[in-house]
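Have a look at the structure below, then the notes.
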Amino acid sequence: MFAYIVRRLVWVVFLLLLITLITFVIFSVLPAGDPARLRAGRQPTPELIQSIRESLGLDKSKPEQFLQYLGNVVQGDFGFSYQNNQDVLPQILDRLPNTMILVVGAVILWLAIGIPIGILSAVKTGSLMDRVIMGLALLAISAPVYFLGLVALFLFADDIGRFPLLPGNSAFNDAEGAADKFLALLMPWAVLAASFAAVYARFLRGGLIEVLNEDYIRTARAKGVSERRVIVKHGLRSALTPIVTLLGLDIGILLGGAILTETVFNIQGMGRFAYDAIVRSDLPIIQGTVLFGAFFIVIMTLIVDIVYAFLDPRVRY
Amino acid sequence: MALLEVRDLAVHFESEDGLVRAVDGISYTVERGRTLGIVGESGSGKSVSSLTVMGLTRARNARISGSVVFDGKELLTASDDDMRGIRGDDIAMIFQDPLSSLHPFYRVGDQIVEAIRAHRDVSKAQARDRAVEMLGLVGIPEPRKRAAAYPHEFSGGMRQRAMIAMALANDPKLLIADEPTTALDVTVQAQILELIERLQQEFDTAVVVITHDLGVVAEMADDIAVMYAGRIIEHAPTDTIFREPEHPYTWGLLRSIPKLDSPRDEALTPIDGRPPSLINLPSGCSFHPRCPYVRPAHRRVEPALEPVEAGGDHRVACLLAHATRRRLWHELRAGRSPEEARSLVEPEEVA
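Chain order of the listed sequences is A and B.
Mapped onto this note's numbering, the consecutive letters of the first sequence carry residue numbers 1 to 317.
Mapped onto this note's numbering, the consecutive letters of the second sequence carry residue numbers 1001 to 1351.
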């Protein structure tokens, strides 16, 4: 097990190197805007552009630039924003907690909704309730976050909503103190969690139906254990294992930024940060957020693999 | 009173294509401590009938009728709770594939402990001691250590031993073994059958062995019921089935088993044709499309399971006259093909 983790960690380092190279190629080698020109402001003199180019190291060869960038990244230096001249890393670390709160709350919510519904639907397969629930789930999956978010704001936001129940758009930014922040997050959590809850419910339903047809479930019933125990201890135990994989990847992806939710609800998180940087062609920030996003996905994948080994005794290395 | 008495049990499944008559009115009894072998091809209804006895026919489209009386209690109308109390306690079951029948995520010992604690109010430690004792009893070396292993760390034979240990842990009155050796190597098969027989005597358990292989039940069964297309078509003490079988299907089964004393190059004789569709059963005798001795009337008249001799324990569902069947089997045993046998026994009709 220990050797396995070490092996995986080496792999993680290699992957991150590769991702750094790819982001560098995408943003620095492929002809996008010239960073020096972007930075020089309107109608710059050629001398100004040249001096910026030298100060950014853009006059060096591309491999040299990459090595320099890599060296800086390893030391925690992600460069500085073209927009406001501030270091990228502190700005990212500033926004990360907001994304984390958003994601963790949404994860708890969608698991709390999706798992019981999935179980219920699987156990009552084919019943009217199952069909209604799965129909609603399909609806939730089909509704994009920006649509659902706007509908939610339109209905429930306390400033523009028809039924002003919850703090609306920008409430999170303006919130003072934990209680206000919590209230302000209720709507974003629900909106972000909706489609995930639906996906998880459907996924778990399918998995559980399959597992409940396994021979070992028949054995459990033949032993005379209660139906509840058959479903929870024997069925769910197997059906939840693939959910762990899904969950790990989803968390990894979202930690890199829940762009749509953060944008709709004006939450200053990683996604919103990246979105603003893209709008302004702020390359160092884009690079930084992409790297962080990739980092989360790689790390979550590693965690999933390790957790999986604990869950399934057949996969111990 | 018999331990298990099945009367006119029918299990039909409603499907889009029509009614599937998986089990179509079967009756049999099992006495305490005795062994019944139920033999038949895939789809003959042997597994479905035993799962129904256990109350494990869960499909929503199943229509079950008839009566299953176990130890004086009607099971088909028993509540779910009552059935759960009986399953794994009074009636235990082992299945065909011991790998897929054990939960891959739990230790073998824990799975046996669960079976014990589902019915006995004992501590985990006591249940564990019992589980280890059972594992030792079924011939697993170092049972205490092996109890902590996972199913995938066991060989196929060991897994089936563990299943048997689990099934017998609560000292059941009836053990239903559904193709217990089909998934195992031939050498392991014999060991497992011996084990079941030995434990049956030790625990005085009645056993129902379900198999497609007459060889499996030849040694261990007291009686054999041969099933075809959802019905029992011949039922007799094991000796009688092997010595004086009366049904052409049983003859076919017997002639498809290799024998040690027959010449090595002698070809086995398969039964021509395929098992019938359980939705559109053939009219008359459901075996008639495959029967080498069929006569026109057999396509119309449905045979009943009747004693070969009045009051005897050998019953058969065949429309041929008893004397004709005797002579046919005599010719078959002499090594003749069904066609030769038929032309010898009834030359005028074949011509």
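No residue lacks a Cβ here, since even glycine has one placed at the ideal position from N, Cα and C.
The model shown is predicted, which means the values in this text are computed figures rather than measured ones.
Terminal residues of the beta strand (DSSP E) in which residue i lies
| i | result |
| --- | --- |
| B:D1024 | G1018 to V1030 |
| B:L1174 | L1174 to D1178 |
Limits of the alpha helix (DSSP H) - the one that residue i falls within
| i | result |
| --- | --- |
| B:H1288 | No alpha helix (DSSP H) holds B:H1288; DSSP gives it neither H nor E. |
| B:D1081 | D1080 to I1086 |
| B:T1205 | Neither: B:T1205 is in no alpha helix (DSSP H) and is coded neither H nor E. |
| A:I243 | R237 to L255 |
| B:T1250 | P1248 to R1255 |
| B:E1041 | Segment: none, B:E1041 is in no alpha helix (DSSP H) and carries neither H nor E. |
| A:T263 | I259 to V264 |
| A:D130 | L128 to S142 |
| A:D276 | M270 to V279 |
| B:E1331 | H1322 to R1333 |
Those residues which DSSP pairs with residue i across a bridge
| i | result |
| --- | --- |
| A:M300 | The partner list for A:M300 (beta bridge, DSSP) is empty, contrary to what the question assumes. |
| B:E1340 | Per DSSP, none; premise fails for B:E1340. |
| B:E1005 | B:T1029 and B:V1069 |
| B:R1315 | B:H1235 and B:P1307 |
| A:A157 | A:L166 |
| B:M1163 | DSSP lists no partner for B:M1163. |
| B:R1295 | Answer is none; B:R1295 lacks a bridge partner. |
| B:D1223 | B:L1036 and B:P1237 |
| B:E1074 | B:V1069 |
| B:R1063 | B:H1012 |
| B:Y1150 | For B:Y1150, which the question treats as bridged, DSSP gives no partner whatsoever. |
| A:Y146 | Answer is none; A:Y146 lacks a bridge partner. |
Environment of residue i [buried if 16+ CB atoms lie within 10 Å]
| i | result |
| --- | --- |
| B:A1310 | exposed |
| A:L93 | exposed |
| A:L17 | exposed |
| B:D1223 | buried |
| B:Y1228 | buried |
| B:A1351 | Here the model assigns B:A1351 a pLDDT of 39, short of 50, so the residue's position is not dependable, and the following value carries that caveat. That one is exposed. |
| A:G293 | buried |
| B:M1134 | buried |
| B:D1178 | buried |
| B:N1061 | exposed |
| B:G1037 | buried |
| B:D1171 | exposed |
| B:F1154 | buried |
| B:S1050 | buried |
| A:R42 | exposed |
| A:Y4 | exposed |
| B:I1279 | exposed |
| B:W1329 | buried |
| B:T1077 | exposed |
| B:L1004 | buried |
| B:M1158 | buried |
| A:A198 | buried |
| A:M129 | exposed |
Given residue i as reference, the closest of the options once Cα atoms are compared
| i | options | result |
| --- | --- | --- |
| B:E1014 | B:H1119, B:R1342, B:E1244 and B:I1064 | B:I1064 |
| B:R1231 | B:L1004, B:G1312, B:A1131 and B:Y1028 | B:Y1028 |
| A:T99 | A:E64, A:R272 and A:S281 | A:R272 |
| A:G288 | A:L21, A:Y4, A:E210 and A:F196 | A:L21 |
| B:F1095 | A:S55, A:I297 and A:R218 | A:R218 |
| B:G1273 | B:I1257, B:G1252, B:P1258 and B:G1284 | B:G1252 |
| B:R1120 | B:E1340, B:I1140, B:H1103 and B:G1085 | B:G1085 |
| A:S281 | A:M187, A:P35 and A:V244 | A:P35 |
| B:L1137 | B:C1285, B:E1202, B:A1221 and B:G1033 | B:E1202 |
| A:I303 | A:P284, A:V244 and A:V264 | A:V244 |
| B:R1032 | B:C1285, B:R1117, B:I1233 and B:L1175 | B:L1175 |
| B:R1130 | B:T1238, B:V1113, B:V1188 and B:M1054 | B:V1113 |
| A:A40 | A:N85, A:G76 and A:L15 | A:N85 |
| B:H1247 | B:L1305, B:G1072, B:L1193 and B:K1145 | B:L1305 |
| B:P1143 | B:G1156, B:A1165, B:V1122 and B:S1123 | B:A1165 |
| A:G224 | B:A1169, B:L1193 and B:S1277 | B:A1169 |
| A:T261 | A:V191, A:A277 and A:N173 | A:V191 |
| B:K1145 | B:C1291, B:V1132 and B:D1185 | B:V1132 |
| B:E1244 | B:I1210, B:D1313 and B:K1173 | B:D1313 |
Residue i Cβ short of 7 Å to the ligand ATP heavy atom set
| i | result |
| --- | --- |
| B:V1039 | As for the ligand ATP, it is missing from this structure, which has no ligand bound. |
Kindly provide the ranges of any alpha helix (DSSP H) runs that are 4 or more residues long and lie completely inside the segment 171 to 217 of chain A, ordered along the chain. Listed in chain order, the complete alpha helix (DSSP H) runs (minimum 4 residues) inside the segment 171 to 217 of chain A are 171 to 174 and 177 to 212.
Runs of alpha helix (DSSP H) wholly within the segment 24 to 111 of chain A (minimum 4 residues, chain order): Counting only runs of 4 or more, we get 35 to 39, 46 to 55 and 62 to 74.
Within the segment 1088 to 1138 of chain B, ranges of the beta strand (DSSP E) (whole runs, at least 3 residues): Scanning the segment 1088 to 1138 of chain B for uninterrupted beta strand (DSSP E) segments of 3 residues or longer gives 1091 to 1094, listed from N- to C-terminal end.
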